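Quick note: the sequence shown uses numbering that gives the first Met the number 0, first residue 0, plus one each step. Working notes, beginning with the structure itself.
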Amino acid sequence: MRARARTGSPQGEGLPDRTLRLRERAGHHPWPRCARDDARAPRPPGQARGLGRRCRAGVPGGSLTVRVLVTEQLSDHGLDLLRKDFQVDVRIDLATGPLETEIAPYDALIIRSATRVTDAVMAAGTNLKVVARAGIGLDNVDVDAATRRGIMVVNAPQSNIISAAEQTMALLLAQARNVPQAHSDLIDGRWERSRWEGIELAGKTIGLVGLGRVGSLVAARAAAFGMRVIAFDPYVSVDRAKEMGVETMPTLEALLVQSDFVTIHLPRTPETEGLIGAKELRMMKPGARLVNTARGGIVDEEALAKALEDGHLAGAALDVFAVEPTTDSPLFGMSNVVVAPHLGAATREAQDKAGTTVAEMVRLALKGEFVPYAVNVSAGAEVSEVVRPFVPLAERLGSLTAGLAQGGVRSVVASYLGRIAEHDTRVLTLAILKGILGRSVNEPVSFVNAPMLARDRGVTVSEMRSTVSQDYVSLISIRAETDEGPASVEGTIVTRNAERITNVNDFDIEIAPAPRMVFFNYVDRPGIIGKVGTILGDHSINIATMDVGRKPEGQGMEALMCVTVDSDVPPEVLEHIAGAIEAKRVRPVTLPD
């Protein structure tokens, strides 16, 4: 552990100062340059090659000797598309059956949510080149194992967004007007109009937690009902939200206290799991209503049941649950709750689009053509040996930048200094984007779709390079402009490919990225390190590493402490530390392994 003051060296200065000596501007490059396996002609990234030996086996023109296995229901249109070029076997029994013993002859596997594609399945699939998920989620596919084995993974990320948005509105209306309850009463022989009096949507405020693809569609539909639309999504810029007619909120609490209806549109991640708990539910307006069609586990179902039971909330509607499938929940049987068994994507149109989309992705992959919805396409064979080790670091630095940012990210400048700048660094910029967007997007983010997702959120990206680096052989520097100000992170690789974060928000530090990190800003004075260590120790939280960076602030020194820990730090412990050290800011961040 070291506490270091800034030396005033150019390395420690802000990115804008360094850009004065940049000698080459790479501009905006949405794709890394990739090449055919014979290195004779360029090929777009996302093409079915470059992940390994098996991905190189394109099938020009198609061939009936190429076999596709379908283990779950797929639209007739999708099957017909595949049968034009390939031999297709539909084996629904293998969704939960002995897939490992049957997969060997097949070049492609198409699944939905019931089939689990494990490393063992892919090891047995000696001819397997592509796994396709007819839908968005990839929880049942070991994507990392597929990447290691050179197997492309594709999905259909836009197939169900309209259906999911419409399901949100359906549950919103059903909850507001007590439709399921009134229906049940009537068919049971009870005509009780006064019992099921509802409320109008017009003139009410709807708060969207998440303003991605589904959230933005819900915003448009809610506005059409005459609702005031507000949203909390720190990864969507204010300008982009204004284009959609949405008023952004600076915090989740600011949204909750104003909303008559709250709808959830987030992925389930370590950061979002339990996001709406007992504390947040009590922040909501008395008589407000909650709708969740995103992912189970984001809302604490036990706490929600209590808030409904004691009358603080008027109602709730859920399409998703922490454990699925389930027929046992404290919410079931409550008269002010509407529930459905995860029907967000259960429309004929969504299923048809999913089937057709993945069939086309499989066809393109097996024919060696560009695959737009590949989720694990790497940079390809032309990434230099100098650049390649920096790809995981770039993604982690991007994720850290997003985790530290306050407000929606509007722009990102990725700068590459030193030896690394002598090479094509576009794949690193894609990795940075992947890390930034991976914290907020409700679908898998890949090198392929990251630029498109950034454009959807109004995020501009630029890349700069300079062969000049003062303190390190190679350095990655990221500066993001957000609605609340800048955030910056720098990092490098030292001996034996060891990753190091070297600067955070203009504080020089040196610490390895870790899955669990906490950053404290405070006025430096004696005893701070001891207080932090004592409080964490009192709560049985082990400190793995710690570093402190300092810089002058007024008559004293401002400090940034970075702590990596072996277990999650509960919010109440962070609040305790913040009070004890009079922290200006506390920011916990989780990073991908």
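Quick reminder that beta carbons are idealized off the backbone N, C-alpha and C, glycines included. On a predicted model such as this, the values are computed, not experimentally measured, just so you know.
Item: Rounded C-alpha distance that separates Ala349 from Phe231; Value: 27 Å
Item: Proximity below 8 Å, CB of Val386 to CB of Ile419; Value: yes
Item: Met248 vs Ala218 beta-carbon contact at 8 Å; Value: no
Item: Minimum C-alpha distance to Met283 - residue among Leu303, Gly276 and Leu255; Value: Leu255
Item: Local conformation of Lys433 per DSSP, three classes; Value: helix
Item: Reference Met556; option with closest CA among Asn520, Asn375 and Lys128; Value: Asn520
Item: Rounded straight-line distance, which links the Cα of Gly457 to that of Gly407; Value: 10 Å
Item: Inside the stretch 141 to 221 only - beta strand (DSSP E) runs reaching at least 3 residues; Value: 151 to 153 and 204 to 208
Item: Pair within 8 Å by beta-carbon distance, Asp299 and Ile275; Value: yes
Item: Distance, Glu394 Cα to Gly51 Cα; Value: Residue placement at Gly51 is flagged as unreliable, the pLDDT there being 37, under the threshold of 50; a coordinate-derived value is accordingly withheld.
Item: One or two residues paired with Ser410 in a DSSP bridge; Value: Thr459 and Glu480
Item: Glu323, DSSP secondary structure in three states; Value: coil
Item: Anticipated Cβ contact below 8 Å, Tyr415 with Ala155, distance rounded; Value: Rounded, the Cβ-Cβ distance is 34 Å, inconsistent with contact.
Item: contact_flag[the stretch 100 to 112, the stretch 61 to 78] where n(CB pairs < 8 Å) is 3 or more; Value: yes
Item: Ile596 vs Thr563 beta-carbon contact at 8 Å; Value: Given that the chain is displayed from residue 0 to residue 592, the structure contains no residue 596 and the question cannot be resolved.
Item: beta-carbon Leu73 near the ligand ADP non-hydrogen atom, thresh 7 Å; Value: The ligand content of the structure shown is nil, which means the ligand ADP is not present either.
Item: At least three beta-carbon pairs within less than 8 Å, the stretch 124 to 134 to the stretch 354 to 366; Value: yes
Item: Through-space distance from Ala222 to Thr356, alpha-carbon basis; Value: 30 Å
Item: Reference Ile527, options Leu559, Ala497 and Asn541, closest by Cα; Value: Leu559
Item: CB-CB length for Thr70 against Leu171, believed under 8 Å; Value: Not quite, the Cβ-Cβ distance comes to about 35 Å (not below 8 Å), so this is no contact.
Item: Three-state secondary structure (DSSP) of Leu21; Value: Legend: pLDDT at Leu21 = 27, less than 50; position of this residue unreliable, value from coordinates given subsequently. DSSP places Leu21 in coil when its eight states are reduced to three.
Item: Best match in Gly417, Val472 and Ser476 for proximity to Thr428 [C-alpha to C-alpha]; Value: Ser476
Item: Buried versus exposed call for Lys278 [16 or more other C-beta atoms within 10 Å across all chains shown]; Value: exposed
Item: Among Ala577, Arg495 and Phe506, the one whose alpha carbon lies nearest that of Gly532; Value: Ala577
Item: Counted within 10 angstroms of its Cβ, other Cβ atoms place Pro266 as buried (16 or more) or exposed; Value: buried
Item: Inter-residue spacing [alpha-carbon to alpha-carbon] between Val547 and Asp505; Value: 12 Å
Item: Residue range of the beta strand (DSSP E) that includes Met545; Value: Ile542 to Glu552
Item: Residues of its chain near Gln166, where Cβ-Cβ distance is below 7 Å and the 5 sequence neighbours each way are ignored; Value: Thr292, Asp318, Leu342 and Gly343
Item: Three-pair Cβ contact test at 8 Å for the stretch 532 to 544 versus the stretch 566 to 584; Value: yes
Item: Contact check, Asn502 vs Val152, beta carbons under 8 Å; Value: no
Item: Alpha-carbon to alpha-carbon, Arg294 and Arg301; Value: The question names Arg, but residue 301 is Glu in the sequence shown. Glu301 and Arg294: Cα-Cα distance of roughly 16 Å.
Item: Residue environment, Asn448, which counts as buried when at least 16 other CB atoms sit within 10 Å; Value: buried
Item: Neighbourhood of Thr593 by C-beta, 6 Å cutoff - its chain only, sequence neighbours within 5 removed; Value: Outside the displayed span of the chain (0 to 592) sits residue 593, for which this structure offers no information.
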